[in-house]
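Residue numbers (mature numbering (1 follows the signal peptide of the UniProt record, and there is no 0)): -17 to -1, 1 to 213. Note that CB positions come from ideal geometry on N, CA and C, so glycine has one too. Encoded as structure tokens, the structure appears first; notes follow it.
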Amino acid sequence: MALWYLAVTVAVISSYAVQRAVIPRLGNALSVEVIFGVEHRKGSLPPVFAHRGGAHEAPENTLAAFREAKRNNASGVEFDLSFTQDSVAVLFHDDTLERTTDGEGSLASVTFEASRRLDASCKHPLSDKFKGERVPILEEGVKECLQLGLRLIIDVKEYGHRAVKVVDDLFRQRPVLYKRTLVAAFYPHFIYALRCQSPNIVTALTWRSGSLAYEDMQNQQPRFQSRIKR
């Protein structure tokens, strides 16, 4: 066990050293501008980002939620990036459809065309107010946020190459995002791959206590088949 922890420690230190050598470090000024904006002044109120667009006020990860966030004077919004079966980037949090839509099964099992027919408002307490709200594609969400003057936090729910490409392409097509958008993920390898591909994107590694632990603290059960191999 001691050798295993030693190996992990060496791997982490090595990866950090390689990252510093290969990927240029972004200055703090850019990171501050992305979150706070150039208009921020010392002593002013901190920025407020509406999680999933502000899911209490409107159906999460929808254009309606972003509009409500703006009405409530949010500085920006956080939303989730996932993919349909045919690799279309959409704004969606869960792996499955049931909690927030009238669909069934996994998001990865439905095509973009099928996802367009889902009602993203039907499970929300204010569904009558937002009846018929759809699952937006990434481009729609970003366009709406920029038109509203909102800053963005994109929480990427996938770690594969297509996610890196989609995010990289998005920033290249809309250079304004480099100073208005933070890209976050739970996956260190995604963040590393994205920074290698596009080192000027401000990123954040999301951390949850115990996320790398062998045992699930809530269920008191092993999270992996072994301590070495998943």
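query	result
Within a Cβ cutoff of 8 angstroms, which residues of the same chain sit near residue 218, ignoring the five residues on either side of it in sequence?	Lying before the first or after the last residue shown, residue 218 is absent from the chain, which here runs from -17 to 213.
Using 8 angstroms as the threshold, is the C-beta distance between H76 and R117 below it?	no
Is V159 near V150, with beta carbons less than 8 angstroms apart?	no
Check the DSSP bridge columns for V60 and list the partner residues they point to.	A33, L135
Can you tell me the Cα-Cα spacing of E40 and V31, whole angstroms?	15 angstroms
How should N183 be labelled, buried or exposed, when 16 other C-beta atoms within 10 angstroms of its C-beta is the threshold for buried?	exposed
Do the region 44 to 55 and the region 85 to 96 make contact, defined as three or more Cβ pairs closer than 8 angstroms?	no
Just the Cα atoms here: how many angstroms apart are E16 and I6?	20 angstroms
Which residues share a DSSP beta bridge with T79?	S89
Run through the DSSP bridge pairs and tell me what S65 is partnered with.	V73
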